[in-house]
Amino acid sequence: ERKGSNYDFVDAVARKNVELTIENIRKNSPVLKQLEDEKKIKIVGSMYHLTGGKVEFFEV
């Protein structure tokens with residue numbers, strides 16, 4: 030169900046937002062994209078979980 034009270038839906042939307050933001054960074058920042066391609070930096074996503082107070086990092 031597509032409601033703010035549906036935790037799984039909200040989590041999926043938030044995760045997709047992170048993925049799209051990273052894609053946007055890679056697309057619109059040739060400098061960062063080049064540094065990532067050269068393995069000088071790593072662009073990763075992260076989400077803060079309010080319930081447990083932990084940050085989850087993930088590759089996109």
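The sequence shown begins at 30 in the numbering used here and counts up one residue at a time.
Using N, Cα and C, we set each Cβ at its ideal position, and we do this for glycine too.
Remember, it's a predicted structure, so these values are computed and weren't measured experimentally.
Taking a C-beta distance under 8 Å as the contact criterion, L61 and I70 qualify as a contact pair. In the DSSP annotation of this structure, the continuous segment of the beta strand (DSSP E) that includes V84 starts and ends at 83–87. Looking from the CA of G74, the closest CA among E48, K83, G82, P59 belongs to E48. Following the DSSP letters along the chain, one finds S75 inside the beta strand (DSSP E) bounded by residues 74–78. Taken through DSSP and simplified to helix, strand or coil, I70 comes out as coil.
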